[in-house]
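Participant:
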Amino acid sequence: MSKYLKYLFEYFLLFALLYAVTSCDRDSYFFTDSEEEIEVNEILQTGTASWYGPGFHGRLTSSRDRFDQNEMTAAHRTLPFNTIIEVVNLENDKSVEVLINDRGPYARNRIIDLSKAAAEAIDMLDDGTAEVELILVEAGGPIPEDLNIPLYTIQVGEYNRLSYAERFAESIGDGVRIEQRFPQGSNRAVYMIYYGNFNSISSARTELDKLKERGFDGLVRQIN
Numbered sequence: 666m667s668k669y670l671k672y673l674f675e676y677f678l679l680f681a682l683l684y685a686v687t688s689c690d691r692d693s694y695f696f697t698d699s700e701e702e703i704e705v706n707e708i709l710q711t712g713t714a715s716w717y718g719p720g721f722h723g724r725l726t727s728s729r730d731r732f733d734q735n736e737m738t739a740a741h742r743t744l745p746f747n748t749i750i751e752v753v754n755l756e757n758d759k760s761v762e763v764l765i766n767d768r769g770p771y772a773r774n775r776i777i778d779l780s781k782a783a784a785e786a787i788d789m790l791d792d793g794t795a796e797v798e799l800i801l802v803e804a805g806g807p808i809p810e811d812l813n814i815p816l817y818t819i820q821v822g823e824y825n826r827l828s829y830a831e832r833f834a835e836s837i838g839d840g841v842r843i844e845q846r847f848p849q850g851s852n853r854a855v856y857m858i859y860y861g862n863f864n865s866i867s868s869a870r871t872e873l874d875k876l877k878e879r880g881f882d883g884l885v886r887q888i889n
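Numbering-wise (the numbering used here), the sequence shown opens with residue 666 and increments by one.
#1: Tell me, which residues are paired with S867 by DSSP?
#2: Do the CB positions of Y859 and Q887 come within less than 8 angstroms of each other?
#3: At the level of alpha carbons, what is the spacing between V753 and F721?
#4: Which complete alpha helix (DSSP H) runs does the segment 796-848 hold, if anything under 4 residues is left out?
#5: Return the chain-ordered list of same chain residues with a C-beta closer than 8 angstroms to the C-beta of R724, the five sequence neighbours on each side being excluded.
#6: Which of the three DSSP states is assigned to E704 in this structure?
#7: Would S715 and G793 qualify as a contact pair, given that the criterion is a beta-carbon distance under 8 angstroms?
#8: From S693 to E751, what does the alpha carbon distance come to, in whole angstroms?
#9: So, are the CB atoms of G769 and A795 less than 8 angstroms apart?
#10: Could you give the uninterrupted runs of the alpha helix (DSSP H) lying entirely in the segment 748-805, keeping only those of 4 residues or more?
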């Protein structure tokens, strides 16, 4: 085969591959390792949902959006930003569609944090949590094969008053998240302060070293 024909063959082969990739259904995403496909309307996860609102309204989310507790949004640990999912309350069959624009929750026994409006839509405001099912509506990017892959954060503080927690969080700057917890057997809330969302324990420890250089301390914690 002449050098010209060889180049021509390679060109058409490359064109065919590019066409095959760009012709894929945009509502489906493939995992390169397993070639497993997640379809629209497929159940992604089942577990416990919580919600967040007052105290976070107006703060920057992990996607750099301003959090609005009256919008239908949610925080998830691993789903791509701008993914839209349907959240079904398995206790009453009420559902709501939400946009993923934040990271969390950091409690290990929860899978999603809903905005106040979204929580109200599925009637879980009073209870605080609910067992839910997450269904894919529109993917904002490739969906991870395992939504429960280990993720890490840095716990940098704990306060009994939200105002104290907010003041401390502001001293650190962007990347901070406050979560309300109720210790077992107590009806008094504590406010846990977390910094960052990391894919490996080593990257979390590296960031912790940077925080220590700024005069802060903390503990690396696995969040799922």
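Virtual Cβ for every residue (Gly too), placed ideally from N, Cα, C.
Facilitator: If we stick to the structure as given:
#1: Answer is none; S867 lacks a bridge partner.
#2: For Y859 and Q887, no; Cβs fall outside 8 angstroms.
#3: For the pair V753 and F721, the Cα-to-Cα distance works out to about 24 angstroms.
#4: As summarised for the segment 796-848, the continuous alpha helix (DSSP H) elements at least 4 residues long and confined to that stretch are 827-837, given in chain order.
#5: The beta carbon of R724 sits closer than 8 angstroms to the beta carbons of R731, F732 from its chain, once the five residues preceding and following it are set aside; these are given in chain order.
#6: The three-state secondary structure of E704, taken from DSSP, is coil.
#7: At the C-beta level, S715 and G793 come within 8 angstroms of one another.
#8: Low confidence applies to S693: its pLDDT is 32, below 50, so where it sits in the model is not reliable enough to give any reading.
#9: No, they are not a contact pair.
#10: Listed in chain order, the complete alpha helix (DSSP H) runs (minimum 4 residues) inside the segment 748-805 are 781-786.
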